[in-house]
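Notes follow once the structure below has been shown.
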Amino acid sequence: KQAKLLGFTLAEIKGLVIAWEANTLSGSEKARIFQDKIALVKQRIADLKKIEKYLQHKLRVLAET
């Protein structure tokens with residue numbers, strides 16, 4: 008459940024669980040997985056901020072009419 012909340016897809020979670028249990032990932036590979044996910048989260052945050060800014064602008068325009 009926590010991995011899903013962190014933005015991992017079910018396919019990613021399945022692959023990670025299998026790899027973790029089989030101990031086939033090195034520490035650097037594990038770190039890269041998390042670094043990649045952090046980058047995706049940051050991009051989503053930036054995208055959501057753009058959407059928020061656009062919606063706030065539209066709301067201001069509506070308030071002026």
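Going by our numbering, the residue at position 7 of the sequence shown is 14; the numbering climbs one at a time, nothing skipped.
Each residue gets a CB set at the ideal place from its N, CA and C atoms; glycine is no exception.
**Message:** Quick test of your reading: residue 11 and residue 20, contact by CB under 8 Å. State the CB separation rounded to the nearest angstrom.
**Reply:** Taking the first residue of the sequence shown as position 1, residue 11 is located at position 4. Taking the first residue of the sequence shown as position 1, residue 20 is located at position 13. So it is a contact: roughly 7 Å between Cβ atoms.
**Prompt:** What number of angstroms, rounded off, separates the C-alpha of residue 33 from the C-alpha of residue 65?
**Reply:** Position 26 of the sequence shown, counting from 1, holds the residue named residue 33. Position 58 of the sequence shown, counting from 1, holds the residue named residue 65. Between residue 33 and residue 65, the C-alpha separation is close to 49 Å.
**Inter-residue spacing [alpha-carbon to alpha-carbon] between residue 42 and residue 54** = Start at 1 with the first residue of the sequence shown, and residue 42 comes out as number 35. Start at 1 with the first residue of the sequence shown, and residue 54 comes out as number 47. Going by the C-alpha atoms only, they are around 19 Å apart.
**Prompt:** DSSP three-state call for residue 13: helix, strand or coil?
**Reply:** Residue 13 sits at position 6 when you count from the first residue of the sequence shown. In the structure shown, residue 13 sits in coil (DSSP, three-state: anything other than H, G, I, E or B).
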